[in-house]
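Participant:
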Amino acid sequence: MRLTALIIFGVAALAWGVLAIVLGSASLTLLSGASSRVSPSCLPSTLQHTAALAGTDVYVSPAPETDTANPGTQISFQGLPLGEIRQVSVVGGHSGRHSGRLHGYSQGDGASFAPDSPFDAGEQVTVNAVIGAANAGEHVAFRFRIDTPYPTATSPEFPNLAAAPADYQSFYTLAGTQAPVLTVTVPDHDPGAGYILTTNGPGAGQYGPLIYTPAGRLVWFDRLSGGQAAENLSEQTYEGQAHLTWWKGRVLSLGFGQGEDIVMNSRYQTVARVTGGNGLKADLHDFQIAPHGIAYITAYNPIRCDLSPVKGAPGGAIVDTAIQQIDMKTGLVRWEWHSLDHIGASESEVEVPTGTAPWDYFHLNSIDPQQDGNILITARSTWAGYQLARATGKVLWRLGGNKSSFKMGPGTTMAWQHDGRLLSNGEVTFFDDGSNPPIHRQSRAVRIKLDFKARRARLASAYTHSNPPLLAASQGNMQTLADGNTLVGYGGVPAISEYDKAGSLLLDAHEPFDMTFYRAFRFPWSGRPLSPPAVLASLNNTGEETIVHASWNGATDVSSWRVLAGRQPGALSVQTTIPAFDFESSVTLPSKQAYIAVAALDSSGHPLGTSQTVRVISYAASLPRSGKSG
-4 MRLTALIIFG VAALAWGVLA IVLGSASLTL LSGASSRVSP SCLPSTLQHT AALAGTDVYV
56 SPAPETDTAN PGTQISFQGL PLGEIRQVSV VGGHSGRHSG RLHGYSQGDG ASFAPDSPFD
116 AGEQVTVNAV IGAANAGEHV AFRFRIDTPY PTATSPEFPN LAAAPADYQS FYTLAGTQAP
176 VLTVTVPDHD PGAGYILTTN GPGAGQYGPL IYTPAGRLVW FDRLSGGQAA ENLSEQTYEG
236 QAHLTWWKGR VLSLGFGQGE DIVMNSRYQT VARVTGGNGL KADLHDFQIA PHGIAYITAY
296 NPIRCDLSPV KGAPGGAIVD TAIQQIDMKT GLVRWEWHSL DHIGASESEV EVPTGTAPWD
356 YFHLNSIDPQ QDGNILITAR STWAGYQLAR ATGKVLWRLG GNKSSFKMGP GTTMAWQHDG
416 RLLSNGEVTF FDDGSNPPIH RQSRAVRIKL DFKARRARLA SAYTHSNPPL LAASQGNMQT
476 LADGNTLVGY GGVPAISEYD KAGSLLLDAH EPFDMTFYRA FRFPWSGRPL SPPAVLASLN
536 NTGEETIVHA SWNGATDVSS WRVLAGRQPG ALSVQTTIPA FDFESSVTLP SKQAYIAVAA
596 LDSSGHPLGT SQTVRVISYA ASLPRSGKSG
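Here's what the structure looks like:
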């Protein structure tokens, strides 16, 4: 009964406060006063755009005859070596000729022309170039228009409130840290699936990426400061090795993020950053690493837009969402796709605002690149997934929404969904939020089978949390594990559940219900931090015994701790060995000591790392100080 009450509170209170506004802003309009200013026209007359240059095997972005390029855009040529791109001329209708340089991609299949100065808002840009081998060059020309950005510099971030003391764990060895508690209600029945990877925020509590054991024990928490949030912690392969990937930045109340994507190795060293390009910053919604050092990211681009053709404000704005394919070595944008170029405003399920706040008509929230180069994406605001053609960006088919390419069978209709993924067997998976406002009774993870010949979609399976029902107002994901089981992260209702193929519950856990996360995953992970273990030692309240606390933030293989002590820092001896049952292990030595160190041991008793030697402090000095939530 108590759990049910907590869930209901979480949905009712957070749906309109945190979940909808931040990452599901589609159904809530942030209205402002009407404006007499008329915005530029931005709704295209045609959606038949392609990045292909006619008669060639070259693909360019901004795509020809589009109106969505940012003033800070570069011009990308993909499909031939740098040496076969020559005599590039770029002329703005207002700003005139732009000097610049060509920079080749590390993959060797193209280059980006980087202008020395940005373009003017609203102007048309004409590009001329010669492409091909020196003795067989071909002249090509195309044009595109620059959009008029909607400024976000003063847009507020979602407020970061303090968490209730019962919601977090504090540690002697990590002063000021308040790591969210993960409560496990159904013990793990799939230990081979590995650790739980997730985040906290936006909303209450300290932000940062989090790793837990399936029993709920904290393994790693990288507390962020300065109001920065972390989202989308996952594990991906980069340069042949398993790495942690996640997003860090500002979450705006407009419903998207501005920041960077992080790649970390098993020593928790940042080895790559993807910040976005063409004047746009990396958004929080997805970050996918493909072979050959190529990354796909989401980037949100709110622009001024006359919405009177769709019965909105003449001085309105719209959120255009972009996919950027980025060369991780150089940071260059190899290819860019914009929703406004391909998806009409009529597909949106969101009411057009009458004020000047941006209309979040599409809300791209996942990118799934396939081996053949095609890309599956999903958009919350249109209730649909889209298969995009490699390089050209054309929509091959729609699944769901009001223009579905397939007849939707019983149980396949989605609403406000997230995280579309195409499996190797041809099934498509989604986390179907079904809420904000509520369309379904509860959120689901669904597998949908596509019959391309008959153009029908059939529900293959659905996973729901029945006791109690969970209805997430935003966020969430569905992960198909290596053994065929399914992990579901409920996002706005921060529960994590794993199901077998028959739908039986294998694991059930949750963060505090006044918190949120974006996604949750399970992966086998092996981490050994570059920094040494942490230790804090103090006398007890009588001053006759010594209390020792030890931890190693991020280490996955610590089985026990060897405690060393002595009167001089260079003369320590082994006092005891204690098991590592929790994130922080503690022991009381029955004597007064002056200096302490600890060594982390693996299951065979071999040392993994040794702390610095620290001076024993007084009991009063050891008491934890309260830390701020941000």
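Residue 335 in the working numbering sits at position 340 of the sequence shown; the count goes up by one each step and never skips. Where is the CB? At the ideal position from N, CA and C, for every residue including glycine.
Go through the segment 22 to 77 residue by residue and report every complete run of the beta strand (DSSP E) that reaches 3 residues or more, in order.
Facilitator: List check, beta strand (DSSP E) in window: 54 to 56 and 70 to 73.
Participant: Identify every residue that forms a DSSP beta bridge with Phe282.
Facilitator: Sequence index remark: in the sequence shown, residue 282 carries index 287 (1-based). Looking at the DSSP assignment, Phe282 forms a beta bridge with Ile292.
Participant: Measure how close the beta-carbons of Val269 and Tyr295 come, nearest whole angstrom, since I'm counting them as under 8 Å.
Facilitator: Numbered from 1 along the sequence shown, position 274 holds the residue referred to as residue 269. Numbered from 1 along the sequence shown, position 300 holds the residue referred to as residue 295. In fact, because the Cβ distance is near 15 Å, the residues do not count as touching under 8 Å.
Participant: Hey, how far is the Cα of Asp256 from the Cα of Thr408?
Facilitator: The sequence position of residue 256 within the sequence shown is 261, counting from 1. The sequence position of residue 408 within the sequence shown is 413, counting from 1. Whole-angstrom Cα-Cα distance: 32 Å.
Participant: Look at the alpha carbon of Ala352 and the alpha carbon of Pro175, and state the distance between them as a whole number of angstroms.
Facilitator: As a working note, residue 352 is residue 357 in the sequence shown. As a working note, residue 175 is residue 180 in the sequence shown. Whole-angstrom Cα-Cα distance: 34 Å.
Participant: My output table needs one value for Ala340: the three-state DSSP class, helix, strand or coil.
Facilitator: Working through the sequence shown from its first residue, we reach residue 340 at position 345. It is helical.
Participant: DSSP on Arg614, reduced to helix/strand/coil?
Facilitator: One-based indexing of the sequence shown puts residue 614 at position 619. The sequence as given places Tyr at residue 614; Arg does not occur at that position. Tyr614: helix per DSSP, three-state reduction.
Participant: Three or more C-beta pairs under 8 Å: does that hold for the segment 356 to 363 against the segment 290 to 307?
Facilitator: With a cut-off of 8 Å, the segment 290 to 307 and the segment 356 to 363 count as touching, because enough Cβ pairs lie within range.
Participant: Among Ser84, Gly252 and Pro66, which has the Cα closest to the Cα of Ser150?
Facilitator: Translated into positions along the sequence shown, residue 150 becomes position 155. Cα-wise, what sits closest to Ser150 is Gly252.
Participant: Can you give the Cα-Cα distance for Ser34 and Gly99, rounded to whole angstroms?
Facilitator: The residue labelled residue 34 in the question sits at position 39 within the sequence shown. The residue labelled residue 99 in the question sits at position 104 within the sequence shown. Near 37 Å, if we compare the C-alpha coordinates of Gly99 and Ser34.
Participant: Sort Asp495, Ser419 and Arg299 by Cα distance to Ile141 and report the nearest one.
Facilitator: Residue mapping note: residue 141 aligns to position 146 of the sequence shown, counting from 1. Nearest of Asp495, Ser419 and Arg299 to Ile141, Cα basis: Arg299.
Participant: What residue range does the beta strand (DSSP E) around Glu539 cover?
Facilitator: Taking the sequence shown and counting its residues from 1, one reaches residue 539 at position 544. Run containing Glu539: none; DSSP gives neither H nor E here.
Participant: Given Phe137, which residues of its chain have a CB within under 7 Å of its CB, disregarding the five upstream and five downstream residues?
Facilitator: Translated into the one-based positions of the sequence shown, residue 137 becomes position 142. Around Phe137: Leu48, Val55, Pro59 and Val122.
Participant: Taking Leu335 and Pro39 to be in contact with their CB atoms under 8 Å, please state how far apart those CB atoms are, rounded to whole angstroms.
Facilitator: Residue mapping note: residue 335 aligns to position 340 of the sequence shown, counting from 1. Residue mapping note: residue 39 aligns to position 44 of the sequence shown, counting from 1. Right, the Cβ-Cβ distance comes to about 6 Å (below 8 Å), so this counts as a contact.
Participant: In whole angstroms, what is the alpha-carbon distance linking Pro507 and Tyr381?
Facilitator: On the sequence shown, residue 507 is found 512 positions in, with the first residue counted as 1. On the sequence shown, residue 381 is found 386 positions in, with the first residue counted as 1. Between Pro507 and Tyr381, the C-alpha separation is close to 34 Å.
Participant: What's the gap between the Cα of Pro464 and the Cα of Gly429?
Facilitator: The residue given as residue 464 occupies position 469 in the sequence shown. The residue given as residue 429 occupies position 434 in the sequence shown. When rounded, the distance between both Cα atoms is 12 Å.
Participant: Check this for me: beta carbons of Ile191 and Ile126, under 7 Å apart or not?
Facilitator: Within the sequence shown, residue 191 is the residue found at index 196, counting from 1. Within the sequence shown, residue 126 is the residue found at index 131, counting from 1. For Ile191 and Ile126, no; Cβs fall outside 7 Å.
Participant: Does DSSP put Asp355 in a helix, in a strand, or in coil?
Facilitator: On the sequence shown, position 360 is the one that residue 355 refers to. Three-state DSSP puts Asp355 in coil, outside helix and strand.
Participant: Can you tell me which of the three DSSP states Glu118 falls into?
Facilitator: Position 123 of the sequence shown holds residue 118. Residue state, collapsed to three classes: coil.
Participant: Return helix, strand or coil for Glu346, following the three-state DSSP convention.
Facilitator: Locating residue 346 in the sequence shown gives position 351, counting from the first residue. In the structure shown, Glu346 sits in coil (DSSP, three-state: anything other than H, G, I, E or B).
Participant: So for Val390, helix, strand or coil by DSSP?
Facilitator: The residue you call residue 390 lines up with position 395 of the sequence shown. In this structure, Val390 counts as strand in the three-state DSSP scheme.
Participant: Just to confirm, is the Cβ distance from Leu534 to Tyr590 under 7 Å?
Facilitator: As a first step, residue 534 is located in the sequence shown; it is residue number 539 there, counting from the start. As a first step, residue 590 is located in the sequence shown; it is residue number 595 there, counting from the start. Result no, Cβ atoms of Leu534 and Tyr590 do not sit closer than 7 Å.
Participant: Can you list, in chain order, the residues of its chain with a C-beta nearer than 7 Å to that of Ser101? Leave out the 5 residues immediately preceding and following it.
Facilitator: Walking along the sequence shown from the start, residue 101 turns up at place 106. Excluding sequence neighbours, Ser101 sits near Gly288, Asp322, Lys324 and Thr325.
Participant: Can you tell me whether Arg375 is buried or exposed? The criterion is at least 16 other CB atoms within 10 Å of its CB, across all chains shown.
Facilitator: Translated into the one-based positions of the sequence shown, residue 375 becomes position 380. With 16 or more other Cβ atoms within 10 Å, it is buried.
Participant: Taking Cβ positions, are Phe425 and Gly415 nearer each other than 7 Å?
Facilitator: For this step, residue 425 is matched to residue 430 along the sequence shown. For this step, residue 415 is matched to residue 420 along the sequence shown. Yes, the pair counts as a contact, with Cβ atoms nearer than the cut-off.
Participant: Quick one: what's got a C-beta closer than 7 Å to Tyr207's C-beta in the same chain, skipping five residues either side?
Facilitator: Within the sequence shown, numbered from 1, the residue matching residue 207 stands at position 212. Hits under 7 Å: Leu177, Tyr190, Ile191, Leu213 and Val214.
Participant: Could you give the residue range of the beta strand (DSSP E) that holds Arg416?
Facilitator: Stepping through the sequence shown from its first residue, residue 416 is reached at position 421. Segment His413 to Leu417, the beta strand (DSSP E) holding Arg416.
Participant: So, do the segment 151 to 160 and the segment 195 to 209 have three or more beta carbon pairs nearer to each other than 8 Å?
Facilitator: Judged by Cβ distances under 8 Å, the segment 151 to 160 makes contact with the segment 195 to 209, as three or more pairs qualify.
Participant: Please name the residue in Ser94, Gly91 and Ala109 whose C-alpha comes closest to that of Ser71.
Facilitator: Here residue 71 corresponds to residue number 76 of the sequence shown, with the count starting at 1. If we check each option's Cα against that of Ser71, Ala109 comes out closest.
Participant: Taking 7 Å as the cut-off, decide whether the C-beta atoms of Asn539 and Thr583 are in contact.
Facilitator: Here residue 539 corresponds to residue number 544 of the sequence shown, with the count starting at 1. Here residue 583 corresponds to residue number 588 of the sequence shown, with the count starting at 1. Position check: residue 539 holds Glu in this sequence, whereas Asn was assumed. Not a contact, by the Cβ cut-off of 7 Å.
Participant: Please report the straight-line C-alpha distance between Thr147 and Trp354, rounded to a whole angstrom.
Facilitator: For the purposes of this step, residue 147 is taken as the residue at position 152 of the sequence shown. For the purposes of this step, residue 354 is taken as the residue at position 359 of the sequence shown. Near 14 Å, if we compare the C-alpha coordinates of Trp354 and Thr147.
Participant: Apart from the five residues just before and just after Thr265, which ones in its own chain have a Cβ nearer than 8 Å to its Cβ?
Facilitator: In the sequence shown, the residue the question calls residue 265 occupies position 270. Once the five neighbours on either side are set aside, the close Cβ partners of Thr265 are Ile257, Val258 and Met259.
Participant: Could you work out which residue in His358, Ala386 and Thr387 is closest to Thr373 when comparing CA atoms only?
Facilitator: One-based indexing of the sequence shown puts residue 373 at position 378. Out of His358, Ala386 and Thr387, His358 has the C-alpha closest to the C-alpha of Thr373.
Participant: Could you compute how far the alpha carbon of Ala379 sits from the alpha carbon of Ser521?
Facilitator: Indexing the sequence shown from 1 puts residue 379 at position 384. Indexing the sequence shown from 1 puts residue 521 at position 526. Those two C-alpha atoms are separated by around 37 Å.
Participant: Between the segment 280 to 287 and the segment 541 to 558, do three or more beta carbon pairs fall short of 8 Å?
Facilitator: No: the two stretches stay apart, fewer than three of their Cβ pairs being nearer than 8 Å.
Participant: What are the boundary residues of the beta strand (DSSP E) that Trp241 is part of?
Facilitator: Translated into positions along the sequence shown, residue 241 becomes position 246. Run containing Trp241: Gln236 to Val246, per the beta strand (DSSP E) assignment.
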